[in-house]
Amino acid sequence: MIPSGTVRPGSGLAVAAPALAGCGGLQSALAPAGRGAEQIAQIFWWSAAFAALIWLGVVGLGIWALLGRVDLHPGSGNRLVIGAGAVFPTVVLTVYLVVGLRALPELLAPAPEGSLQIRVVGEQFWWRVFYQGEDGAWVETANELHLPVDEPVQLLLESADVIHSLWVPSLGGKIDMIPGRTNRLTLHPTRTGVFRGACAEFCGASHAHMALDVVVRERAGFDQWLADQAAPALPPADERAERGRALFFRTGCGACHAIRGTPADGAIGPDLTHVGSRRSIAAGRLPAGPAGLARWLSETDHLKPGVRMPAFGMLGPDEVEALATYLDGLR
Ligand code: CUA
């Protein structure tokens, strides 16, 4: 046992680990998995290297001055101030401007005609997502973006209430979602994997709980996924799920949520037709599965302050479990 007050060996590392983990993995602009992100990362590394050089130069000059070796000719002080204080920063900032402007057209270029289009609508505090199915009809889902690898995808971004901002750092740049406007962003994933997106504009009490799971896979897998999403909901698999389904309708869930293939056609909350197939629930707030669903049903306001869905405290634990079982079965 380690006595209190003793610093555990390696505890500094333990503290630094989460911070360092932020520099890699599923949500990092410096571990690019998309064309836009690659470009942004490149600009970052060049800037960082150049900034390090300037820092070394400034520190070197400082040390030189501290050592008292400065013996400038009359007038050379002025030249130093004008050169290093005005001309040099102007040149550096101009180079930055040119590099940044040159990157913009590619970052903002629309996807070519015929590319996959996905509509994403920001809501407090989740994402409504529409895919165009094979028959041209839009398929609604929520809080998850599935993309085929090595293809440009056109995102059409809207907002239903306040300004949100969609950012998947591993894949590309971020762009605001503004009420009354459709903004466009092209994502072009270059490798498969699961990434994390987030809302990058303060949009209310639960702005921090507005995440987005992004799944990039091969085209065939993507097509299969989309076909599954377009299909109507599965019927309850067992008696408990059956009871959950009855509760879903008795408690009025269908007034806000849609489950295609059932009478539930609410348009306020997320479409739940295939909620059981998602990686997380409540926009990344909880892991998927019956336990997470049950917790969400009983603690919505606590888990996501400001959320429009009320907690269903009037349901007994047994009922919550049945409801969660039904929803989890909607694969
Ligand atoms: Cu939506 Cu912040």
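Using my numbering, you'd call the opening residue of the sequence shown number 3 and step up by one each time.
Beta carbons are placed, not taken as given, at the ideal position from N, Cα and C, and that holds for glycine.
Where Gln134 falls: helix, strand or coil (DSSP): strand
Residue interval of the alpha helix (DSSP H) (run including Val196): Where Val196 is concerned, there is no enclosing alpha helix (DSSP H), although the beta strand (DSSP E) it sits in stretches over 195–201.
Exposure label - Asn80; buried when at least 16 CB within 10 Å: exposed
Under the three-state DSSP convention, the category Pro76 falls into: coil
Thr275 (DSSP reduced to helix, strand or coil): coil
Buried versus exposed, by CB contacts within 10 Å (16 or more), Val322: buried
Residues near Thr194 by beta carbon distance below 8 angstroms, same chain, minus five either side: Val151, Val218, Arg219, Glu220
Shell residues, 6 angstroms Cβ cut-off relative to heavy atoms of the ligand CUA: Gly124, Phe127, His166, Cys201, Glu203, Phe204, Cys205, His209, Met212
C-alpha distance - Ala222 paired with Pro91, whole-angstrom precision: 51 angstroms
Neighbourhood of Pro181 by C-beta distance below 6 angstroms, restricted to the same chain and skipping five residues each side: Ser161
Reference Ser279, options Leu69, Pro76, Leu236, closest by Cα: Leu236
Helix, strand or coil at Ile283 [DSSP, three-state]: strand
Cβ shell of Gln231 (< 6 angstroms), same chain only, five flanking positions each side left out: Val141, Thr143, His276
Among Val164, Gly286, Pro112, Phe251, the one whose alpha carbon lies nearest that of Cys205: Val164
Boundaries (first-last residue) of the alpha helix (DSSP H) holding Leu214: Where Leu214 is concerned, there is no enclosing alpha helix (DSSP H), although the beta strand (DSSP E) it sits in stretches over 213–219.
Secondary structure of His166, DSSP reduced to three states: strand
Cα-Cα separation between Ala33 and Gly77, rounded to whole angstroms: 49 angstroms
Pairwise C-alpha distance: Ala31 and Pro43: Looking at the sequence provided, one finds Ala at residue 43 rather than Pro. Distance between the alpha carbons of Ala43 and Ala31 is about 6 angstroms.
Where Ile177 sits in the DSSP three-state scheme: strand
Identity of the residues DSSP links to His148 by a beta bridge: Val217
Under the three-state DSSP convention, the category Val309 falls into: coil
Sub-8 angstroms separation of Cys255 and Ile270 beta-carbons: no
Rounded separation between Leu63 and Gln29 - CA only: 38 angstroms
Bounding residues of the beta strand (DSSP E) (the contiguous stretch that carries Glu160): 155–161
Those residues which DSSP pairs with Leu118 across a bridge: Val155
Coarse secondary structure for Ala23, derived from DSSP in three states: Any reading at Ala23 needs caution, since the residue's pLDDT is 49, under 50, leaving its predicted position unreliable; the model's value is listed next. The answer is helix: DSSP assigns Ala23 an H, G or I state.
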